[in-house]
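So the structure is just underneath, and the comments pick up after that.
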Amino acid sequence: MDLKKISLNSLWLCGERIIKLLSTFFISIFMARSLGEEDFGKYSYVMTYVMIFVPIGLLGLENIMIKNLVEKNFDKKILSVSFAMQLVSFFAIFLLLLLTTRFFVEDSELVKYILILFLGFLFNPLTVVKYYYNAKLKSFYYSIVSITNTLIFLSMKIFSIYLSKDIFYIIIIKFK
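Take the sequence shown: its letters are residues 1 to 176, numbered as in this note's numbering.
Laid out in C-alpha cells, this is it:
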C-alpha cells in the first residue's frame, strides 16, 4: 500500500471528524443560549435517550466490514449482508424504543420527539457506502459529501433556532 495514499485518506477522515465535532460544539452552545433551560433540557434528554439505543443497532460492523472489503477486494455480498443486518437491527431497536418509551417516558411530547429523532437513524444502514470508500482508501469522496451535509444542516439549525426557537423544528432537522 502507498503510504502517501494512506496518509491522505487519514487526513480526510480526521478533517471530516474535526469539522463535525466543532460544528456540534458551537451549535450546542448556540442552542443552549437560545432555547433556554427547559427546552435545551428536553432536547438533551431526547438525544440521550435515542443515543442509548443507536450503538446497539450498529452492531459493530464497521471495522469488520472494512477488514473484509480490504481482504476480499470488494465483495457486494459483504455490503448487502451488512446493510440487511443493520436494517433489521434498527427496526428491532425501534420496537424496543417504542416499548421502553411506553413504560419510562410519561410526557407524550417527549415520546413524539424521541420517535421522530430515531426514525432518522433508520437511514444509518446506508452508511455501508462509507465503509466501501474507507476500505478503498477513497475517503475524500465521502468526506466531501459528509462535510457538505454537516454544513447544510448546521445552517438549517441556526436558521431554525433564530426564527422559531422551537425544539420540534430542531428535532426535525436533526432527523436528516
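For glycine and all other residues, C-beta sits at the position ideal for the given N, C-alpha and C. Small disclaimer: the values here were computed from a predicted structure and weren't measured.
Hey, could you find the ends of the alpha helix (DSSP H) residue i is sitting in?
i  : result
L8 : L3 to L58
Select from the options the residue whose C-alpha is nearest the C-alpha of residue i.
i    : options                 : result
I64  : V128, L11, L96 and K174 : V128
I147 : L119, L11 and I19       : I19
I170 : P55, Y131 and Y43       : Y43
M85  : F168, I172, E62 and L8  : E62
K130 : D2, E16 and K5          : E16
V54  : Y132, L151 and P125     : P125
I52  : V70, I114, F25 and E71  : I114
I56  : S10, L96 and K77        : L96
Return the CA-CA distance between residue i and residue j, expressed in angstroms with no decimal places.
i    : j    : result
S82  : M47  : 25 Å
R102 : G120 : 20 Å
L8   : R33  : 38 Å
I144 : F40  : 30 Å
Y142 : K5   : 15 Å
K112 : L98  : 10 Å
K77  : I29  : 43 Å
Just confirm the distance between the C-beta atoms of residue i and residue j, as a whole number of angstroms; I'd bet it's less than 8 Å.
i   : j    : result
I27 : L154 : 6 Å
>> Please give me, in chain order, every unbroken run of the alpha helix (DSSP H) with length at least 4 that falls completely inside the region 92-174.
In response: 108-121, 128-135 and 139-163
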